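Residue numbers (UniProt numbering), protein chains in the order written: chain A, 1 to 276; chain B, 1 to 358.
To start, the structure itself, in structure tokens.
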């Protein structure tokens, strides 16, 4: 009897990862991966950017992923925290670590391999590496197919507009999620002069000569298209001539998670349609 | 720009409300104690300080999560909130007395603009530092840079406003506006080159928070704030005299220049440290002294003490709201102080129009 109990205790000690059944997921893509792995019932809380699938929005929201409250996160009594790269502030992360809650950072990135790496890290932390390998293989194949198909079409010049403020466009340069998804969808980023998101002068918009303008869909902003296409800076571009403006959900388009292959197909189709 | 006191006749009859002010002090001590106890008991995690205390008394092991919540999160946060609130309120009261202007706030000596620039520079350019420096400072880089920026700006401004050993408060006021604009422009350049994650960090920094309160930060920032809180009441007599005007104050034997120097350094130290550890928490420095002047008159002797107590109690209360309203997430505290302070201040202003202590 005592020997059996000891063996049981040993077995329990050898499986620390599997024990985690109160998981806090921080970051939209990380949460999507947890759900895609079929482990959604282990989630007890999420961050503000985790908005898909709809069901996870019923979980308590611990705030914006870069502005976590240590006590708030501890209040849901987590035994594992999965956080996208850049979660913070570092003071809060240190406090969580000092409370002996395992904290796993999921690396970020904007290409196929980055998506696979995210899935593998999350699956390993959840103690389901086999499920992770299967999902990674599926997603990898789907991404390859989508990218190959997208590469067949004409390479459109795409201008990603993060927001329009006072008629000025905040556009994406290199090394962003927008840049990554445009490449995967067989397009060419129309702005490669700078990194990150920056406001463009009107003349730079004209010079970029985008065939298509890509934006994030926002609730209550359905008919932004005519407004944007009528801006003086945009009016001179091929995109305005053909009325080519595509808008897609932000997390779906830029999340780089399990849905990205589908997003690549959708974007690629939309680009083909929009430019013709 | 400089508002004259509406009664210039002499200190005595004006300040018959002073005994009442000291009675208020006792009340504020009580309020601060109640707020502090409440602040330890309230929070997203259900940790009860009384249960933890009972465990410690009985020699029982305290659960790790409870220990972290109480001793590593709530306690340093309470201490930080009290010190920052007191430092900002006292600094505001001193500045209003020194500039004889009801709109004066600690920002006038350039601390806030300089600290803001320092913080933004650290957030945006921190990654470019040699690994050695970045490694030593770690996440204390932003507070350290904010403090350095605040102090540097104040010293420059003080230098600009001081000629032949005389500091002109009018020059300081205008110089502060010029330096503020310059710091704003430099911050603008940094904002332009910041990436979107850094932009979010900048926005949140500007809204203020006590969430980053740790014992280490407290140990670094507390001495300056405590020094200022101890030094400020010693300025009270001089500031009372100054309300007659600089010349009159000098005639009744107040060392005006020394008063100015000490007051400016005190404010820069206290505000610089407060802003460095908590970001931009607005409003406390203006509202608290005015509330007290409206309630119990302009005598700086009780005013500076009461401002410290009310500032501390107010910020602890605001922080409680900030971290429990949308728990498990939390609001930036600057939003709470402005939303609470604005309407209350307006209401009192409308009721007591004409009896402002200036």
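We put the beta carbon where it would ideally sit given N, CA and C, even for glycine.
Note that the structure is a prediction, hence the values are computed from the model and not measured.
Check                                                                                                                                                                     : Outcome
Is residue 202(A) helix, strand or coil when you go by DSSP?                                                                                                              : helix
For residue 310(B), which residues of its own chain have a beta-carbon under 6 Å away from its beta-carbon, when the five flanking residues on both sides are left out?   : 28, 288
Distance, Cα to Cα, residue 238(A) vs residue 210(A)?                                                                                                                     : 6 Å
What residue from 29(A), 264(A), 204(A), 127(A) has the CA that sits closest to residue 149(A)'s CA?                                                                      : 264(A)
Let me know if residue 84(A) comes out buried or exposed under the rule of 16 or more other beta-carbons within 10 Å of its beta-carbon.                                  : buried
Could you work out which residue in 343(B), 85(B), 302(B) is closest to residue 17(B) when comparing CA atoms only?                                                       : 302(B)
Contact criterion: CB-CB distance below 9 Å. Does residue 196(B) meet it with respect to chain A?                                                                         : yes
In chain order, what residues of the same chain have a beta carbon less than 6 Å from the beta carbon of residue 4(B), not counting five sequence neighbours either side? : Residue placement at residue 4(B) is flagged as unreliable, the pLDDT there being 44, under the threshold of 50; the coordinate-derived value follows with that caveat. Excluding sequence neighbours, residue 4(B) sits near nothing in its chain.
Mapping DSSP to helix, strand and coil, what is residue 162(B)?                                                                                                           : strand
Does any CB atom of chain B fall closer than 9 Å to the CB of residue 9(A)?                                                                                               : At residue 9(A), the pLDDT of 48 sits below 50, so the modelled position is not reliable; the number obtained from the coordinates is stated separately. With 9 Å as the cut-off, residue 9(A) does not count as an interface residue toward chain B.
Along chain B, in chain order, which residues have C-beta atoms closer than 9 Å to that of residue 197(A)?                                                                : 195, 196, 199
Under 6 Å Cβ to Cβ from residue 223(B), same chain only, skipping five residues before and after it: list those, please.                                                  : none
Which of the three DSSP states is assigned to residue 263(B) in this structure?                                                                                           : helix
Do you know how far the Cα of residue 40(A) is from the Cα of residue 20(A)?                                                                                              : 12 Å
Have a look at 291(B), 276(B), 277(B) and flag the residue whose alpha-carbon is nearest the alpha-carbon of residue 283(B).                                              : 291(B)
Taking 7 Å as the limit between beta carbons, can you name the residues of its chain near residue 10(A), skipping five residues before and five after?                    : At residue 10(A) the pLDDT is 46, less than 50, meaning the model places this residue with poor confidence; the figure from the coordinates comes in the next sentence. Closer than 7 Å at Cβ, skipping near neighbours: no residue.
Could you check whether the Cβ of residue 214(B) sits closer than 9 Å to any Cβ belonging to chain A?                                                                     : yes
Taking only beta carbons into account, state which residues of the segment 78-105 of chain A come closer than 9 Å to chain B, listed in chain order.                      : 86, 88, 89, 90, 91, 92, 94, 95, 96, 98, 99, 100, 101
For a contact meaning CB atoms closer than 7 Å, what does residue 73(B) contact in chain A?                                                                               : 70, 71, 95
What's the C-alpha gap between residue 294(A) and residue 215(A)?                                                                                                         : The displayed coordinates of chain A run from 1 to 276. Any statement about residue 294(A) would go beyond what the structure contains.
To the nearest whole angstrom, what separates the beta carbons of residue 155(A) and residue 188(A), a pair I think is in contact under 8 Å?                              : 5 Å
Chain B partners of residue 280(A), CB-CB under 7 Å?                                                                                                                      : A question about residue 280(A) goes unanswered here, because the residues of chain A that appear run from 1 up to 276.
Select from 146(A), 168(A), 131(A) the residue whose C-alpha is nearest the C-alpha of residue 262(A).                                                                    : 146(A)
Just mark residue 151(B) as buried or exposed, buried being the case when its beta carbon has 16 or more other beta carbons within 10 Å.                                  : buried
Between residue 348(B) and the rest of its own chain, which residues show a CB-CB distance below 7 Å, the 5 nearest in sequence each way excluded?                        : 291, 294
Ignoring anything shorter than 4 residues or poking outside the segment 211-282 of chain B, list the alpha helix (DSSP H) runs there in chain order.                      : 215-231, 236-242, 246-251, 256-278
Any C-beta of chain B sitting closer than 9 Å to the C-beta of residue 266(A)?                                                                                            : no
Since residue 391(B) is in the alpha helix (DSSP H), which residue starts that stretch and which ends it?                                                                 : What the structure shows of chain B is the stretch from 1 to 358, and residue 391(B) is not part of that stretch, so it cannot be assessed.
Note down, in chain order, every chain A residue with its Cβ under 9 Å from the Cβ of residue 139(B).                                                                     : 88, 89, 90, 91, 94
Are the C-beta atoms of residue 251(A) and some chain B residue less than 9 Å apart?                                                                                      : no
How should residue 300(B) be labelled, buried or exposed, when 16 other C-beta atoms within 10 angstroms of its C-beta is the threshold for buried?                       : buried
For a test of the three-state rule: what should DSSP assign to residue 337(B), helix, strand or coil?                                                                     : helix
Would residue 308(B) pass as a contact of residue 229(B) if the rule is Cβ separation under 9 Å?                                                                          : yes
Kindly indicate the opening and closing residues of the alpha helix (DSSP H) around residue 143(A).                                                                       : 129-152
Using a Cβ-Cβ distance cut-off of 9 Å, determine whether residue 60(A) contacts chain B.                                                                                  : yes
State the start and end residues of the unbroken alpha helix (DSSP H) segment that holds residue 414(B).                                                                  : Missing from the structure shown is residue 414(B); chain B here goes from 1 to 358 and no further.
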